[in-house]
Structures are given as C-alpha cells and as structure tokens.
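The block underneath contains the structure these notes are about, expressed in structure tokens.
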Amino acid sequence: MTSPPDHTALLEARALCFLRQDEPVFGPIDFALRGGEIALVEGDNGSGKTTLMRVLTGMLRPGEGEVLLDGAPFSLDTVAGAVVFLGHHLGLKFDMTPRENLRLAAGLYGVRSGTDENAVLREVGLAGYEDEPVRQLSAGQKKRAALARLLLLPARVWLLDEPYANLDRDGIALVNRLLDQHAARGGAALVTSHGAVSFAGGEPRRIRLHA
Amino acid sequence: MANWVPLWLHRLGSPPVFYRFAGAVRPWAFGLALLLGAVALYGGLVVAPADYQQGDAYRIIFIHVPSAWMSLFIYGVMAVAAFIGLVWRIKIAEVVAMESAPVGAAFTLITLVTGSLWGKPMWGTWWTWDARLTSELVLLFIYLGIVGLYHSFEDRRQGARAAAFLVLVGAVNVPIVHFSVNWWNTLHQGSTIRLLGPSHIEASMLWPLLTMMLATKCYYIASLFARVRADLIASEGGKAWVRDIALGQPGNDPA
Amino acid sequence: MTPGSTPAACAALLRRDLTLAWRRRGDIAMPVLYAVIVTTLFPFAIGPEPALLARIAGGVVFVIVLLAILLSLDHLFRGDIEDGSMELLMLAPQPLALLVAMKILAHWITSSLPLIVVAPVLASMLKLPPEAMPVLVIALLLSTPLLCLLGAVLVALTAGSRRSGMLLALMLLPLCVPVVIFAAGALAAAQEGLPWVAPIAWLGAGLAMALVLAPLACAAALRIAMDT
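Chains as they are written, first to last, in this note's numbering: chain A, 43 to 253; chain B, 83 to 337; chain C, 2 to 229.
Right, here's the structure in full:
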C-alpha cells in the first residue's frame with residue numbers, strides 16, 4: 043500500500059461479480075481506472091449496468107472479487123466522500139431549491155476548492171433558477187441541478203448511471219464538458235449509457251457487460 | 083483437535099447436503115417425538131397421581147410447561163442462527179432462523195391457550211394479567227412480527243436478513259419486557275396465584291414432564307427440518323440439485 | 002464550521018430535515034390532530050365521570066402518544082430512499098449512524114415535541130390532577146425519544162419491504178411495552194402520591210442505552226434495506 047499514488051489506480055475492480063439468488067448478474071470483470079480516465083460501461087438492458095454501479099458504491103456486496111479505492115479495499119465505512127453516485131433517482135428534495143439541495147451536499151462532503159454554489163449552478167445553466175423549488179423545474183433542469191452537485195463536491199470518483207437520460211443536445215454536451223473537466227483535474231469517472239458519447243479527450247475506455 | 087467437526091459443519095452449510103441430512107433425520111425425529119410424547123402423556127395422565135390441591139386439572143402442565151420452555155428455547159436457537167446468518171452470511175442459518183419462527187409462534191400460542199384453559203378452574207377466569215402470561219403474549223407478538231417481516235419482502239434473502247436483524251433486536255428486548263412486566267405486576271398487585279412450585283414437584287410428576295420436554299424438542303427438529311427442506315426447494319428452484327430431485331434422479335452421493 | 006466537517010454535516014442535515022418539515026407544516030399537525038380526536042372519543046366511549054377519567058388519563062395519553070408517533074414514523078426514511086438522497090447520505094464521509102441520529106432528532110422535534118406540548122391539554126381534558134402534570138411532561142420527554150429511536154430501527158428494517166403500515170405496528174408495539182409500563186407507572190405513582198423517581202430513572206437508563214445503540218442498529222438495518 044506504499045506505492046506512489048500515481049501508479050495506483052483510483053478505482054479498481056478485481057474479478058468482480060455479483061450474484062442474485064446465487065445466479066451471476068454480471069462478471070467476473072476486471073478494470074482499473076487511473077486519475078484522468080473516463081470509462082464507459084456498455085451493455086444491453088438487464089446486463090447489470092446499474093447493479094455494477096451499486097456494487098461499486100459499496101451498497102451492494104459483491105458475490106466475488108473486490109473493489110479497491112486508491113489501492114485499499116473499499117467499503118461504505120472507508121469511502122470518506124471520495125465517491126459520488128448519480129443514479130436514476132437524483133437525490134434532490136423537490137420541496138427545496140437547487141441552492142438548498144447543494145447546501146446539504148456541501149455540508150456533508152465539503153466543497154471543491156475554488157468554487158461555490160452560485161458558480162456551479164451558473165455552470166450547469168441554472169442561473170436564475172437557484173431559488174425556485176426543484177418541483178417546479180423541468181426534468182432536464184432537475185438533472186442539471188443534480189449535475190451541479192458533482193461539480194461542487196470534492197469527490198475524485200464519479201459513478202454516473204445514465205447521466206444522459208432526459209437531457210437535450212445542450213445537456214449532453216454539458217455532461218461531456220463536465221466529464222472532460224473532471225478528467226483534466228485528475229478525477230476518474232465511470233459512466234453507463236446506451237447513447238453515443240463523444241469526449242474532447244478522444245475515445246473513452248469501454249467496459250462491456252454481457253447479459 | 084477434532085478437525086472434522088468444523089469441516090462437517092462447513093459441509094452442512096451447503097443447501098443440498100443439508101437437504102439430504104434433514105431428510106434423513108426428520109423421520110427419526112418425528113417418530114421419536116411421537117413415541118416420547120405418547121409415553122409422557124401416559125405417565126402424565128395415568129401414572130402420575132392427582133394433585134392434592136388442584137385435582138386432575140393440574141395435568142395440563144404436561145403440555146403447558148414444555149410448550150413454554152420451547153417458546154423460549156426456539157427463540158434462543160433462532161437468535162443464534164440469525165446472528166450466524168447475519169455475520170457470516172450463511173444461507174442455511176438464515177433459513178433455519180426464519181423457519182424456526184412459525185414453530186416457536188405455535189408453541190407460544192399453545193402455551194397461552196393451555197395457560198388460559200388452566201386458569202379457568204384455578205383462577206376462575208380465562209385470562210389474568212399475570213406477569214408470565216403477559217410476557218408470553220408479548221413474545222407471541224414478536225414472533226408474529228418476525229414472520230410478517232420475512233414475508234413482506236420480494237427478495238427472500240433480503241427478507242431473511244431484515245427479519246434476522248429483528249430477531250436480534252427482539253433478543254435484546256425480550257428480557258427487558260419480562261423485567262418490566264414483572265415490575266408492573268408488583269405495582270398492580272392483582273389476584274395472582276403462584277401455581278407451580280417446581281422445587282417440590284414429585285418424581286412421578288417430574289419424569290413425564292421431562293419426557294414431554296424431549297418429545298417437544300424432537301418435534302421441533304422434525305418440523306423445522308421439514309420446513310427448511312421446503313424453503314430450500316422453493317428458494318433454490320433453478321439449481322441443478324433441485325432439478326435432479328424433481329426429475330427423480332438420485333443425488334450423486336446417497337448420504 | 003468548515004463544510005464537510007462532522008458538526009457542519011450534522012447541522013446541514015438537521016437544517017434540511019427541519020426545513021422540509023416546515024414546508025409541509027400540515028404533516029406536523031396531523032399527529033397532534035389525531036391525538037386530540039382520539040382523546041375526545043374516550044369520554045364518549047366510557048362516560049364522563051371525572052373519577053373514572055382521572056383514573057385512566059395517564060395511560061390513555063401515553064398510548065395515544067405512542068400511536069401518534071407510530072403513524073408519523075412510516076415516512077422517516079421512505080422519502081430519502083425513494084428520491085435517492087439515501088445514497089448521498091450513505092456515501093458521505095460521516096458515519097451513517099451519526100447522520101441517522103440527526104434524522105431521528107429532526108423527526109423527534111417535528112413529531113413528538115408538538116405532542117408533548119398538547120399532552121397536558123389532553124390530560125386535563127381527561128381530568129388528570131394538575132399536580133401530576135409535571136410528571137407527565139417529564140415522562141413524555143424521556144419516553145418519546147426512546148419510542149422514536151426504537152421505531153426508527155424498525156422503520157429502517159421495513160424500508161425495503163412492500164407494505165409496512167400494519168407490519169410496523171405489529172413489530173413496534175411489543176417492543177414498546179416496557180416504555181409504556183414505566184412511563185404510565187411513573188404517572189400512576191405520582192397520582193397516588195407515591196415516589197415516582199424509580200420508573201423515571203428506568204426510562205432514563207433505557208434512553209441512554211437507546212441513544213447509543215439505536216443509531217448503530219438503524220444504520221445496519223438501512224444497509225440491509227438498501228441492499229436490493
């Protein structure tokens with residue numbers, strides 16, 4: 043565990059598989075994501091993309107294999123805010139404004155240096171909607187409010203489950219831009235999608251799941 | 083030293099092995115339960131003398147007392163199995179804990195019904211807020227909560243884990259309930275009569291009681307194993323070993 | 002307070018839950034309304050003789066408060082699980098047990114505190130003697146957090162299940178027997194002019210134990226519930 047950090051993968055899966063009722067859902071899969079790398083998880087419906095994400099967050103226990111974060115075994119007790127997860131449920135309180143929602147996340151995880159709530163909301167195109175209840179935003183705007191959280195928090199690993207859903211062309215470009223910025227800062231991200239993705243940084247890594 | 087014991091236990095943790103083991107043990111346990119139960123009933127109803135105070139009415143203790151013991155004993159077994167299942171994630175332990183609960187609930191219900199039947203001639207009422215009866219009633223509710231929680235989940239494993247957790251919460255709580263009910267009972271001194279003084283029970287009454295206790299234990303094992311076998315068949319439905327049984331092919335080792 | 006530190010996280014979560022409760026003030030009023038309505042039913046059911054009412058007042062108020070808390074418990078974690086906020090809490094750097102404790106505290110403030118405020122009114126509707134009122138309030142102050150803590154563990158267990166209303170009652174009520182016994186026992190003792198400190202002390206001991214153990218148990222139960 044004393045190897046210098048730039049040689050250690052940020053997020054690594056070793057022979058990872060998940061069993062439901064003793065039947066394998068996916069795997070075994072191996073991958074290692076270093077800082078600055080973005081990987082795209084591909085697979086048909088039912089191939090276990092969402093399940094893989096939940097295993098990587100530590101919320102589901104892998105059937106076999108292990109997940110390493112910075113080279114150390116990863117669990118919910120050791121994660122220490124290094125990972126954020128954005129799934130189908132956005133984790134927004136509809137009775138509160140985007141700003142209030144961000145304030146909770148900031149209170150829990152801290153704030154990435156050099157940014158603040160107003161800046162990230164502007165970045166995702168929600169300027170002028172900061173103090174509207176999330177309930178009154180459109181589906182795409184809700185998604186943007188959740189994406190603002192990714193920008194605000196200092197987490198190094200992003201796990202994004204279908205981030206492109208509900209987004210228009212500009213929104214898709216926004217997600218790609220955010221991912222590029224994150225990679226440029228040395229973060230890693232794992233993204234599931236069944237849509238076409240293009241990054242400024244070239245082709246992403248691909249991890250394929252078979253049903 | 084004896085390395086084969088943990089090894090054997092480890093093998094028993096595998097569903098097909100446990101299925102065959104339970105299948106082999108079950109008829110013996112059931113037969114023994116019938117035999118011991120018949121002997122105990124004969125001893126209790128025919129051989130043992132009538133009580134000088136209560137006449138023949140006391141004879142219900144040969145059902146009541148062993149059931150009451152079993153209601154607590156099964157909770158103990160369930161708590162141990164639940165703990166093992168939660169900590170080491172052993173499927174068989176979860177199944178044993180979950181399938182123990184209905185049997186325990188049944189014994190608790192028998193205890194309550196026989197206690198109430200006994201109460202009518204002794205106390206002149208079907209129900210009295212006696213500390214022990216009340217604790218037993220609370221225990222029945224806890225058993226039913228465990229069964230209810232187990233069956234309210236889509237996913238059996240998840241239901242078993244949640245209910246096993248409730249078993250442990252209950253295990254912490256049952257002694258507290260018992261203590262508080264005792265305290266409450268002394269606060270509201272009713273017409274409680276202490277009926278059973280086990281210290282001066284006569285030998286001719288004691289041996290049928292102990293025999294019945296063994297009979298209920300054997301019945302528990304038989305009933306539990308039958309339930310566990312059914313549960314395993316249901317939850318392992320897609321597995322090769324279940325298919326072999328369903329198609330009538332003997333398993334690869336005739337343990 | 003630097004963002005991300007443990008006090009800041011607790012404050013942020015507490016503030017969020019209280020804000021949410023305030024935005025749905027109607028939900029706060031429901032348990033209180035329920036308690037008032039059930040209390041008014043009692044004299045209709047058993048007759049308005051003051052002596053009889055005074056005799057049962059303490060017990061009735063405790064059982065009504067227990068049931069009102071039970072009704073409010075169901076959505077303690079449900080909202081967070083359904084909208085994905087629970088993932089945010091579970092992946093946060095702070096121990097889940099601590100965050101859960103904050104949620105339970107917020108829930109106690111919004112559900113039980115109003116009940117404690119109206120409880121003396123309910124008790125005087127049932128002719129509880131005024132000298133027993135302080136004991137009623139003390140017993141409620143100790144027993145309601147205990148009920149919320151116990152209930153939270155069970156709500157967390159049912160969070161992953163299909164139906165939970167009646168099931169929660171079936172699971173929680175037997176575990177509440179000691180709380181009801183000691184709380185109502187203290188009040189009964191006070192009404193009869195007997196020393197009432199012992200049952201109150203037992204409640205306090207129970208609360209101290211639950212404060213330590215229940216959030217841990219609750220966090221473990223939530224992990225089972227999220228494991229779908």
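Built from N, CA and C at the ideal position, the CB exists for glycine as well.
Check: CA nearest to the CA of B:Gly197, picked from B:Ala213, B:Ser262 and B:His92; Outcome: B:Ala213
Check: CB contact check: B:Thr274 to chain A, cutoff 8 Å; Outcome: Confidence in B:Thr274 is poor, its pLDDT being 44 and thus under 50, which makes the residue's placement too unreliable to answer from.
Check: Cross-chain neighbours of A:Glu65 in chain B, by beta carbon under 8 Å; Outcome: Gly320
Check: Chain-order list of residues whose beta-carbon lies under 6 Å from that of C:Arg16 (same chain, five-residue window excluded); Outcome: none
Check: Residue closest to A:Gly167, alpha-carbon to alpha-carbon, out of A:Tyr151, A:Lys185, A:Gly156 and A:Val153; Outcome: A:Lys185
Check: Bounding residues of the alpha helix (DSSP H) (the contiguous stretch that carries B:Leu226); Outcome: Ala213 to His233
Check: Cβ neighbour criterion (16 or more within 10 Å) applied to B:Lys202; Outcome: exposed
Check: Contacts that B:Gln240 makes with chain C (C-beta to C-beta distance below 9 Å); Outcome: Gly161, Ser162, Ile225, Ala226, Asp228 and Thr229
Check: Coarse secondary structure for B:Val310, derived from DSSP in three states; Outcome: helix
Check: Residues bridged to A:Glu84 [DSSP beta-bridge criterion]; Outcome: A:Arg250
Check: Residues that DSSP places opposite B:Asp133 in a beta bridge; Outcome: B:Gly137
Check: Residue from C:Arg24, C:Leu188 and C:Val154 with nearest C-alpha to C:Arg79; Outcome: C:Val154
Check: Whether A:Asp72 touches A:Ala51 by CB criterion (8 Å); Outcome: no
Check: Residue-chain proximity (C:Ile186, chain B), Cβ-Cβ < 8 Å; Outcome: This sequence places Gly at residue 186 of chain C; Ile is not what is there. Yes, because at least one Cβ of chain B sits closer than 8 Å to the Cβ of C:Gly186.
Check: Residue-level contact to chain C via CB, A:Ala231, 8 Å cutoff; Outcome: no
Check: Candidates B:Gly119, B:Phe247, B:Pro184 and B:Ser262, of which the one nearest B:Arg171 by Cα; Outcome: B:Phe247
Check: Cβ neighbours of B:Ser273 in the same chain (closer than 6 Å, five flanking residues each side left out); Outcome: Low per-residue confidence applies at B:Ser273: pLDDT is 42, beneath 50, and the placement is therefore not dependable enough to give any value.
Check: Residue-chain proximity (B:Pro280, chain C), Cβ-Cβ < 8 Å; Outcome: Bear in mind that the predicted position of B:Pro280 carries a pLDDT of just 48, short of 50, making it too unreliable to give a figure here.
Check: 6 Å CB neighbourhood of A:Met95 in its chain, flanking five on each side removed; Outcome: Leu201 and Asp203
Check: The region 286 to 295 of chain B in contact with the region 123 to 142 of chain B per 3-pair CB rule at 8 Å; Outcome: yes
Check: 8 Å Cβ cutoff met for A:Arg145 and A:Pro196; Outcome: no
Check: Distance, C:Leu158 Cα to B:Ala242 Cα; Outcome: 11 Å
Check: Residue nearest to C:Leu232 in terms of C-alpha spacing, selected from C:Ala107, C:Gly205, C:Leu97 and C:Met227; Outcome: As shown, chain C starts at 2 and ends at 229. That puts residue 232 of chain C outside it, with no answer to give.
Check: Buried/exposed call for B:Tyr134, threshold 16 Cβ in 10 Å; Outcome: exposed
Check: Contact list for B:Arg214 against chain C, beta-carbon separation under 9 Å; Outcome: By Cβ distance, chain C contributes nothing, its closest Cβ being about 14 Å from B:Arg214, past 9 Å.
Check: Contact list for the region 108 to 138 of chain C against chain A, Cβ threshold 7 Å; Outcome: none
Check: Cut-off 7 Å between Cβ atoms - residues of its own chain near C:Leu171, not counting five sequence neighbours on either side; Outcome: none
Check: Spatial distance of A:Pro205 from A:Arg211 (CA atoms); Outcome: 13 Å
Check: Nonlocal neighbours in the same chain, by C-beta distance under 7 Å from B:Leu168, ignoring five residues either side; Outcome: Arg243, Ala246 and Phe247
Check: Min CB distance A:Pro47 to chain B below 8 Å; Outcome: Here A:Pro47 scores only 47 on pLDDT, less than 50, and its place in the model is too uncertain to base an answer on.
Check: C:Glu88 versus A:Thr139 - alpha carbon distance; Outcome: 19 Å
Check: DSSP-derived helix/strand/coil call for A:Asp137; Outcome: coil
Check: Buried versus exposed, by CB contacts within 10 Å (16 or more), A:Ser117; Outcome: exposed
Check: Residue-chain proximity (C:Ile182, chain B), Cβ-Cβ < 8 Å; Outcome: yes
Check: Beta carbon of C:Leu176 nearer than 8 Å to that of A:Thr99; Outcome: no
Check: Span separating the alpha-carbon of B:Asn255 from that of C:Ile201; Outcome: 18 Å
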